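Data block below; observations after.
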Amino acid sequence: MTIILAGDIGGTKTILSLFDANYLDTTAAVPQVKSLFEQIYPSQNYIDLVPIVKKFLQAASQQVTEYAKPEKAAFGIAGPVVNNSCELTNLSWSLDSDRLQRELDISPIKLINDFAAIGYGVVSLSPSDLHILQPGKPDVSAPRAVIGAGTGLGECFVIPLSQGGGYQVFFSEGGHTDFAPRSELEFHLLGYLRELYNITRVSVERVVSGMGITAIYQFLRDHDISQESPEIAQIYHTWKQEIGQEHKTVDLAAEVSKAALAKSDYLSVQTMKIFVEAYGAEAGNLALKLLPYGGLYVAGGIAAKILPLIQEGNFIKALKDKGRVSPLLEQVPVYIVLNPKVGLIGAALCAAQI
Ligand SMILES: Nc1ncnc2c1ncn2[C@@H]1O[C@H](COP(=O)(O)OP(=O)(O)OP(=O)(O)O)[C@@H](O)[C@H]1O
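For the sequence shown, the positions run 1 to 354 when full-length UniProt numbering is used.
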């Protein structure tokens, strides 16, 4: 039995899990790890990751019959990871693997970006973890691409290693590439966002993310306020008042998306239509750059929550609407990732490979 510690470290919560990687076969097409014990901790209640891990291992030693001290660990972290160290976005934690290895007496420990962890995780997902949006013609020797809208927009790619099996994940800053409008309405949206944020260049993350949903909603309501429903108006005003506050009582993006799913609010439906199309178009841009015949995986917290809106067809239509090269994209398998633990599983797989 090879015990591995994996973590998904976010500004709000820290999820830790002990995995058994004993039967991990890196030459197998789909590597697997098995979770033995998992706990969730509110990150803000702790001054550092070390006390959380110690508490977790203490609980695991009491509750897991086949408990053994982890041989190695990897943590997917919400923040820029450089040389195995990271200053967390939204937390005062400063993590580096040398210190963690010393204080936790576990070695090696690897720190990776949380979206890169998703990249490690997608290769191991089973069919029930995925919704197939387009079957394409899967080629296991080709790259896989991962895109995911959540608080921001993450993009990475995964390359199968020809020798010895396994995969290598490359993180990217693709979410910060330029938003490219494709219609009159989107050109207006671009101008609106430049004024709203007082910026000259608009990144695609400003549109394809939770923050993007709220911005698109604002754009449409400012364009024609008469269309706003009293229910969403109330949520919008509370959301606006709470900007800059630490404690928030509403999530405007979530409310707009729920109203769009229920088809109960005109502006919300229009907002999500623009969002879904822009998301599909950016997924198509990523696909054109990588030709990921191994699979294009749509991860992140939003996609699975709005699956019926994605299934309506505009996502895949925008993805493939690329002029002369559109037929190339017919062969790309496109999957929506349904398993919210993909990042945690990915961290475990990353640790197993070090
Ligand atoms: N039902 C929903 N529909 C659309 N957007 C939603 C929904 N619920 C939450 N969101 C938005 O999703 C974003 C959070 O995404 P996600 O759950 O992927 O978190 P994350 O990016 O991993 O960040 P963290 O976990 O560190 O907070 C927020 O911007 C939120 O407004």
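Just so it is clear, CB atoms sit at the ideal spot from N, CA and C, and this is done for glycine as well. Fair warning: this is a prediction, and the values are worked out from it, not measured in the lab.
Cβ neighbours of residue i in the same chain (closer than 8 Å, five flanking residues each side left out)
i, result
"residue 13", "40, 41, 42 and 43"
"residue 58", "none"
Residues of its chain near residue i, where Cβ-Cβ distance is below 7 Å and the 5 sequence neighbours each way are ignored
i, result
"residue 79", "86, 87, 88 and 89"
"residue 141", "160"
"residue 339", "125 and 129"
"residue 342", "118, 121, 122, 125 and 299"
"residue 307", "131 and 336"
"residue 257", "213, 272, 305 and 306"
"residue 302", "149, 150 and 210"
Closest by C-alpha distance to residue i, when choosing among the options
i, options, result
"residue 274", "180, 343, 61 and 347", "180"
"residue 278", "352, 59, 315 and 246", "315"
"residue 91", "177, 348, 11 and 61", "11"
"residue 133", "182, 2, 333 and 265", "333"
"residue 154", "77, 135 and 138", "77"
Supposed contact pair residue j and residue i - C-beta distance, whole angstroms, cut 8 Å
i, j, result
"residue 34", "residue 354", "Not a contact, Cβ separation roughly 18 Å."
"residue 49", "residue 9", "7 Å"
"residue 268", "residue 254", "Not really, about 11 Å apart at Cβ, beyond 8 Å."
"residue 64", "residue 18", "7 Å"
"residue 203", "residue 175", "7 Å"
"residue 81", "residue 149", "With a Cβ gap of about 20 Å, residue 81 and residue 149 do not count as contacting."
beta-carbon residue i near ligand 1 non-hydrogen atom, thresh 7 Å
i, result
"residue 211", "yes"
"residue 259", "no"
"residue 251", "yes"
"residue 119", "no"
"residue 248", "no"
"residue 159", "no"
"residue 151", "yes"
"residue 263", "no"
"residue 305", "yes"
"residue 78", "yes"
"residue 278", "no"
"residue 244", "no"
"residue 271", "no"
"residue 112", "no"
Close beta carbons around residue i, own chain, < 6 Å, minus the five adjacent residues each side
i, result
"residue 319", "280, 283 and 284"
"residue 237", "none"
"residue 144", "158, 292, 294 and 295"
Report task. Taking only runs that begin and end inside the stretch 118-195, name each unbroken beta strand (DSSP E) of 3 or more residues, in chain order. Result -> 130-134, 144-149, 153-160 and 167-172
Query raised in the report: Can you list, in chain order, the stretches of the beta strand (DSSP E) that have 3 or more residues and sit fully within the stretch 19-86?
Result: 34-42 and 72-77
Query raised in the report: Can you give, in chain order, each stretch of the beta strand (DSSP E) that sits fully within the stretch 263-294 and has at least 3 residues?
Result: none
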